[in-house]
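Chemist: For any residue, its number in my numbering is found by taking its place in the sequence shown, counting from 1, and adding 15. Even for Gly, the Cβ is constructed at its ideal location relative to N, Cα and C.
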Amino acid sequence: MTTSPPAGIRFVEDLTNVDVTDARVVRIPAGLLHKRDLLTVFARGLDFPGYFGWNWDALEECLRDLAWIERPRRILLIHEDLPFQPDWDNRATYLSIVKAAVAAWGPNQPHELIAVFPEHCRDEVLRAD
16 MTTSPPAGIR
26 FVEDLTNVDV
36 TDARVVRIPA
46 GLLHKRDLLT
56 VFARGLDFPG
66 YFGWNWDALE
76 ECLRDLAWIE
86 RPRRILLIHE
96 DLPFQPDWDN
106 RATYLSIVKA
116 AVAAWGPNQP
126 HELIAVFPEH
136 CRDEVLRAD
């Protein structure tokens, strides 16, 4: 039996089939091993403000704010794979931040934050706190 993902988390077999119409897209490439590299992807992709602190707390704060982004409303975080292979601690921290940020943006919020992962990542994403 397949566990249903929380709202805002999507799993797909083919990332090229993700509908990116009217969305701001941040693509998280496969093979990221270092936190700084991942934070750079987010800072550039979402034009993080100058006060971004380059740490996990700052990433969480910015993903839960997004006030500097007026349009589009829908923001997609498309993961080619999970970062930090095989560093479980950093990967679990990252997934926890993404899941909490996605959950914070409900249907009546100014933004819709959606995290997209390959289907083969389902168990690990759902297992992360």
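1. Considering only their Cβ atoms, is the gap separating G23 from A107 smaller than 8 Å?
2. From R88 to A82, what distance separates their C-alpha atoms?
3. Tell me whether the region 101-119 and the region 58-65 touch, counting them as touching only if at least three CB pairs, one residue from each stretch, are closer than 8 Å.
4. Under a three-way DSSP split, which group does L30 fall into?
5. Return the CA-CA distance between D144 and I112, expressed in angstroms with no decimal places.
Modeler: So, from the listed chains and residues:
1. No, the Cβ-Cβ distance between A107 and G23 is not below 8 Å.
2. Cα to Cα, the separation comes out at about 11 Å.
3. At 8 Å Cβ cutoff, the stretches do not touch.
4. Note: L30 maps to helix in three-state DSSP.
5. Using only the alpha carbons, I get a separation of about 9 Å.
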